[in-house]
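*Asks:* Line by line, the protein sequences give chains E and R. According to our numbering, the first sequence is numbered sequentially starting from 51. According to our numbering, the second sequence is numbered sequentially starting from 1480.
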Amino acid sequence: MLKSMINPDTSGKKFTIVLMAVLMMGAALSAQEITGLKIIENVYNRDTGEDQTADLTMSLINSRGDERVREIKQYLKDFGKMEKKIMFFVAPADVYNTSFMNWSYDEEGKDDDQWIYLPALKRVKRISSDSKSDYFMGSDFTYDDLGDRQPSADTHKILREEEIEGEMCYVVESIPKEEEYIYSKTITWIIQDKWIGKKKEFYDEDGDLLKTLTVKEFKKVKDFLIITLSEMHNVQSDHKTIMKLENVKIDSGIADNKFTERMMKRGM
Amino acid sequence: MERMLNKLIRFPKTIIVVLLLITIAFFMVMKKNSRMETDLDEYMPQDHPAFVYSDEMKEVFDIKDGIIIAIENEAGIYQTETLQKIKDLTKALGKMDEIEKSDVTSLYTADNIIGTEEGLDVKAFYKRVPKIAEDLAELRKSVRSNDMVFGRLVSDDETVSVIIAEIEDDVFTQKFYNEILTLVKSYEGNEKLYVAGSPIVEGTMALLGPKDMKKMVPLVILVIILVLLFVLKSFKNTIFTLLVVLFSVIWAFGLMAFFKIPIYAVSTMIPVMLIAIGVADGIHLYSHLDLFLQKNPNATRKEAVSDMLKGMWKPVVMTSVTTSVGFFSLLTSEVFPIKYFGLFTAFGVTAAMLFSLLLIPAGILVFGFTKRKPGIEKKSLNKIPFAYKFANGVIKYKTVTLLLTIIIVAVSLFGITKVWINSSFLEKFEDDSDIVLTDKFINEHFGGTSTLNVILDADENGKIKSPEILKLIDEMQQKVDSELQIVGNTFSLADYLKRMNKVMHEDKEEFDLIPDSQELNAQYLLLYEMSGDPENLWKVVDYDYKTANVTIQLKSDNSKAINSAIAEVEKFRAEFQKLGVKINFAGSGYKALVFTDLILEGQIKSLVMSLFIIIILLSLMFKYFLAGLIGSVPIVITAVIGFGVMGLMNIPLSTTTALISSIAIGIGIDYAVHFIERYKIYASETSDKQKTMKETMHHSGRAIIFNATVVIAGFLVLLFSVFPPNRSLGALVSLNMFTSFLGTVTIMYLLLYKTNLFFGKK
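(1) Would you list, in sequence order, the uninterrupted beta strand (DSSP E) runs of no fewer than 3 residues that lie entirely inside the region 1532 to 1584 of chain R?
(2) List in chain order: all unbroken alpha helix (DSSP H) runs of 4+ residues lying wholly within the region 177 to 236 of chain E.
(3) Along the chain, where does the alpha helix (DSSP H) that runs through residue 2051 of chain R open and close?
(4) Under the rule that 16 or more other beta-carbon atoms within 10 Å means buried, what is residue 1878 of chain R, buried or exposed?
(5) Where do the N-terminal and C-terminal ends of the beta strand (DSSP E) with residue 2261 of chain R fall, by residue?
(6) So what's residue 1992 of chain R in DSSP terms, helix, strand or just coil?
(7) In chain R, what lies closer than 7 Å to residue 131 of chain E by C-beta?
(8) Mind checking residue 2228 of chain R: buried by the 16 CB within 10 Å criterion, or exposed?
(9) Looking only at its own chain, which residues have a Cβ that is under 8 Å from the Cβ of residue 1860 of chain R, when we skip the five neighbours before and after it?
(10) Can you pull the chain E neighbours of residue 2203 of chain R, defined as C-beta to C-beta under 7 Å?
(11) Please report the distance separating the alpha-carbon of residue 2237 of chain R from that of residue 2199 of chain R.
(12) Is any beta-carbon of chain E found at less than 8 Å from that of residue 2023 of chain R?
(13) Using C-beta distances below 6 Å, list every residue in its chain close to residue 1785 of chain R, excluding the 5 sequence neighbours before and after it, in chain order.
(14) Leaving aside the five residues before and after residue 1489 of chain R along the sequence, list all residues of the same chain whose C-beta is less than 7 Å from its C-beta, in chain order.
(15) What distance in whole Å lies between the Cβ atoms of residue 308 of chain E and residue 125 of chain E, which are believed to be in contact at a cut-off of 8 Å?
(16) Work out the CA separation of residue 1599 of chain R and residue 136 of chain E for me, nearest whole Å.
(17) Quick one: which chain R residues come within Cβ less than 8 Å of residue 119 of chain E?
(18) I'd like to know if residue 235 of chain E contacts chain R, where contact means its C-beta is closer than 8 Å to some C-beta of that chain.
(19) What's the gap between the Cα of residue 1694 of chain R and the Cα of residue 2039 of chain R?
(20) By the three-class DSSP mapping on this structure, what secondary structure does residue 2103 of chain R have?
(21) Using a Cβ-Cβ distance under 8 Å, would residue 221 of chain E count as near chain R?
(22) Roughly how many angstroms lie between the CA atoms of residue 1665 of chain R and residue 1979 of chain R, to the nearest whole one?
(23) Could you tell me the distance, in whole angstroms, from the CA atom of residue 1813 of chain R to the CA atom of residue 2042 of chain R?
(24) Is the shortest distance between the beta-carbon of residue 1531 of chain R and the beta-carbons of chain E less than 8 Å?
(25) Answer with buried or exposed for residue 1456 of chain R, where buried requires no fewer than 16 other C-beta atoms within 10 angstroms of its C-beta.
(26) Let me know the secondary structure DSSP gives residue 285 of chain E once reduced to three states.
(27) Specify, as a first and last residue, the run of the beta strand (DSSP E) that residue 164 of chain E falls within.
(28) Could you give the distance in angstroms between the alpha-carbon of residue 1729 of chain R and the alpha-carbon of residue 1511 of chain R?
(29) Which chain E residues sit within Cβ distance under 7 Å of residue 1650 of chain R?
(30) Give the range of the beta strand (DSSP E) segment to which residue 152 of chain E is assigned.
(31) Along chain E, in chain order, which residues have C-beta atoms closer than 8 Å to that of residue 2008 of chain R?
(32) Residues in the region 1579 to 1600 of chain R with C-beta within 7 Å of chain E's C-beta atoms, listed in sequence order?
(33) Using only CA atoms, which one of R:1531, R:2197, R:1612 and R:1538 lies nearest to residue 2018 of chain R?
(34) Measuring alpha carbon to alpha carbon, tell me which residue in R:1743, R:2045 and R:2078 is nearest residue 2069 of chain R.
(35) If we cut at 8 Å on Cβ distances, does residue 116 of chain E have a partner in chain R?
(36) For residue 1996 of chain R, go through chain E and note every residue whose CB falls closer than 8 Å to its CB, in chain order.
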């Protein structure tokens, strides 16, 4: 779900789900009875196009205010049952053209495939990680925060409706069904007519607030709403990550063979 | 002054009541506001460059001292049950209020980065506890092949594993320690568990010292009472002498509490000083009174008190002023607790003077003096020949006296060259105490319980990633590790890069080195950030790759160990300099070292300064410069022998032992002033040098030996303390009292005799 907040994507499969969901929702809405699960599904299924090209600027800010900036060129494309993503580092200079490729699968329980290419080593290496709770590239986002978390993995409940910055939001609490998950619960503010998250709070195993995600800006690109500026703040370590998307192109027709080890080596 | 005293003394009851009321008021303030300071950081001058730097680096690299919990299973740690305990205890520790979850490190939390045929595998060593033999063997294999864990979290013989819980400096309390001990104990079974680490050592020390003092001080006072009773032969006199000490201690601590100044560990030295110094005035006053009454058995209370004040007010004021000045000179110290120690001891000494001149006379006037039975007078009369004999003996064997003094001073000076400073906290405990044994156990199995942080500061951002610097860091680590037995382990960014390089080359040993390309280093680091736990990286390098933190683990926190590691690192300073990198040091062990140096430096500075001031003051008081010089002899002798014995007996200088030299000033000056003043009075009364010598020895010499006996007896009690620093304290105070006494009645006496002081005009 968060993936669709941060890294919007789309898929044929999702499209059918969207259709079905819209149909079912029509019935549900007419009965004035939207549920937490449906809200989250709506967000999860929001259409964000087939493919996307963008310049991502990731700023990491520690508690003392030191800032590090990484500039990345990213390409992603939905292949139906899987989503492929390739990222090239533009800056800092000493990691120029270092690339990272990620294939994630809709199939439940199937881990992502990841590759890294280090130009100085001239070798592509597979990375396998057993934990989706690892932090993504030293940021405050975990892979899970960025990835598709199936709506069915959590139990959702509408807490209330409230207005944030002029937008009416549903406030939904999601509690994971699995035990020992890194979060004990999350609370998401979802803009009612757009099905886009505005804010999300993550609570740690002890039930204390761990992180707050704030969506600061979203833009309409073609007909899709794309989140272009968001900030994840780890309130316990006071570390922040700001993700900014620029030059977003949707459905520009990225070739399928863009997402290969060969392309990783070739660089930008 | 004398007139004013006599006027005041007309209202003895009022004096007693008023002083008592003020004392009660101070006592109430003390009860209400007193607070112990156990955070050692609070002791250090916050604006000293070394501390400012160390604290800054502590922020940057999140350097915290760790509590180390060791789990030992003699059958090996790779047992389902033991691994379960490591997991459960890791979680339980993280749940404690005092510990941040992310600050707990163990085999359960550690990342295992493994190089495989096709790539890189990052995972936990275990999440679910392995149950079947195959999985256990697999875990064992992966630990063995990971240098960043093997030898650090699991011992080489695989029977011990540690959990490290880092805590902030200010969270340690006795309660917290007990909670940890209870928690840890509850996991015992087939495994034995141990708790160690510098927070435990420092915390326990800060609590144990004063706690032991609280137990010992009443015993010290009891012994002093008994000896006072013996020498003063009067219950009343004993009580009043003690009241002078007691009141001065209450006033000093009361005033401290009034200004909301917490009690530091060194503040426990204030009563020690006041006991040693405060009883002197009482003893001298009563001694004078007794001699007067021996000569005038029918004198009234008023006459006796009047004569006592007339003869004694001057030395009492003089000794108190000079002693106070000695303590005031500690204000030059950069260390606040020492400043407070000097200030409030000076205040206590001044208060004691006030009580000696008001309370003691008032007490005599109200309660009368102890009538001496003729028999006892006889007895004390019998002692006179001894004082005379002694006086003659010193003169007769003056060459022997002089020679002995020179030899002793020479040996002491030799001893001083051997004096070493020790900021170790651990060595303050008994060798067979749990804390020391646990520490030893962990040091036997792991890198070390103490750390020194070497901070490398480059002149440009990103420079730490350069191969030249990283290789030099690696070289330095290897050198320090191989040259010094005391160094158990070192850790830096270089270790991460070597590990990454090896892993990215299918785990081949020949790639266990720093790559030659800055780009590759940068890319490895990026990869680590992406796949490992970047938080770990920020403990060895800063955000801008400008500053690196090399951790050297030591098997001892003693200053010699830290200094030897520093010396080894210093050898690399020039080479780092060439690359534009500066070397600095940080960490709590280093801070303690600098701190002890500071204390010592301040102590020596103030010792020298107060010596000069005292020479001047004495010269003014006795109107002879020579008197000033002679009067300083007992101080010098006491200080020289004090430090010399420490050097010869291998007692290191520490915060407390260094302060004991203050006693040299306090006591040495007391003895010298009383003695010279008496000498001067008898000189002008009799104009006969022989007679003057004998009378002075009989009068002052007697009081001085009484004083020395009382305090020595009292402080010898501390030899039975369970806390070693308090034992050295007892021994050294006693030694200082003894040498002050001996120096006064021998060499100073001889000098007075030889120089013809006060007889010069004749």
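We put the beta carbon where it would ideally sit given N, CA and C, even for glycine.
*Replies:* The short version:
(1) Counting only runs of 3 or more, we get 1544 to 1551.
(2) Every alpha helix (DSSP H) stretch that sits fully inside the region 177 to 236 of chain E and reaches 4 residues is listed by chain position as 193 to 196.
(3) Premise fails: residue 2051 of chain R is in no alpha helix (DSSP H) and is neither H nor E.
(4) By the neighbour-count rule (16 or more Cβ atoms within 10 Å), residue 1878 of chain R is not buried but exposed.
(5) Because chain R spans 1480 through 2241 in this model, residue 2261 of chain R falls outside it and cannot be assessed.
(6) Secondary structure at residue 1992 of chain R: coil, using DSSP grouped into helix, strand and coil.
(7) Identification of chain R residues near residue 131 of chain E by a Cβ-Cβ cut-off of 7 Å yields none; the smallest Cβ-Cβ distance measures about 23 Å.
(8) Buried is the call here.
(9) Note that residue 1860 of chain R scores a pLDDT of 47, beneath 50, so its modelled location is shaky; the value from the coordinates is reported in the next line. Answer for residue 1860 of chain R: 1773, listed in chain order.
(10) Neighbours of residue 2203 of chain R on chain E: none; closest Cβ ~41 Å, over 7 Å.
(11) Distance between the alpha carbons of residue 2237 of chain R and residue 2199 of chain R is about 46 Å.
(12) So yes, residue 2023 of chain R belongs to the interface.
(13) Once the five neighbours on either side are set aside, residue 1785 of chain R has no close Cβ partner at all.
(14) Sequence-distant Cβ neighbours of residue 1489 of chain R in its own chain, meaning closer than 7 Å and more than five residues away, do not exist here.
(15) About 6 Å; that satisfies the 8 Å criterion.
(16) Going from the Cα of residue 136 of chain E to the Cα of residue 1599 of chain R covers about 18 Å.
(17) Contact annotation for residue 119 of chain E against chain R: no contact, minimum CB-CB distance about 11 Å [criterion: below 8 Å].
(18) No, its Cβ sits nowhere closer than 8 Å to a Cβ of chain R.
(19) Rounded to whole angstroms, the gap between the alpha carbons of residue 1694 of chain R and residue 2039 of chain R is 32 Å.
(20) In the three-state reduction of the DSSP assignment, residue 2103 of chain R falls in the coil class.
(21) No, its Cβ sits nowhere closer than 8 Å to a Cβ of chain R.
(22) In a straight line, the C-alpha of residue 1665 of chain R is about 39 Å away from that of residue 1979 of chain R.
(23) Approximately 22 Å, taken between the alpha carbons.
(24) Closer than 8 Å to the CB of residue 1531 of chain R there is not a single CB belonging to chain E.
(25) Any answer about residue 1456 of chain R is impossible in this case: the structure gives chain R only from 1480 up to 2241.
(26) Reduced to three states, the DSSP call for residue 285 of chain E is coil.
(27) Counting along the chain, the beta strand (DSSP E) containing residue 164 of chain E begins and ends at 163 to 168.
(28) One Cα belongs to residue 1729 of chain R, the other to residue 1511 of chain R, and the distance between them is close to 13 Å.
(29) Going along chain E, no residue has its Cβ under 7 Å from residue 1650 of chain R, so there is no contact; the nearest lies around 17 Å.
(30) It spans 149 to 155 - the beta strand (DSSP E) in which residue 152 of chain E sits, taken as one unbroken run.
(31) Chain-ordered, the chain E residues with CB closer than 8 Å to the CB of residue 2008 of chain R read 187 and 188.
(32) Taking 7 Å as the Cβ-Cβ cut-off against chain E, the residues of the region 1579 to 1600 of chain R that qualify are 1597, 1598, 1599 and 1600.
(33) Answer by Cα proximity: R:1538.
(34) The residue with the shortest Cα to Cα distance from residue 2069 of chain R is R:2045.
(35) Cβ-Cβ to chain R under 8 Å: yes for residue 116 of chain E.
(36) Neighbours of residue 1996 of chain R on chain E, chain order: 170.
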